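Residue numbers (the working numbering): 2 to 99. Heads up, the thing below is written out as structure tokens.
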């Protein structure tokens, strides 16, 4: 179909195609607005973080929890030392990184 370049879109392609494009644009916009509204409504207390398993400050002196605190410190050190050893080996070409 040869149409003149100065014809408006509706005259060149017919009113039906324009209506379909407008409907699809409207549906897409409505969907985006609905998804945004649901996401915002779901983030009511997004910044309120509570860790029920954390040791409170008053419990640090409790002798029954000393072993847990020591085990936690040892576990964190082992993880950090393992990462240090691994990356030292990688950077010094002791480890194969293929």
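Note that the Cβ used here is the ideal one computed from N, Cα and C, for glycine as well. These figures come from a predicted structure and were not determined experimentally.
Annotated three-state conformation of residue 57 is coil, per DSSP. Under the criterion of beta carbons closer than 8 Å, residue 66 and residue 56 qualify as touching, at roughly 6 Å. Each residue's CA atom was taken as its position, placing residue 52 and residue 85 some 29 Å apart.
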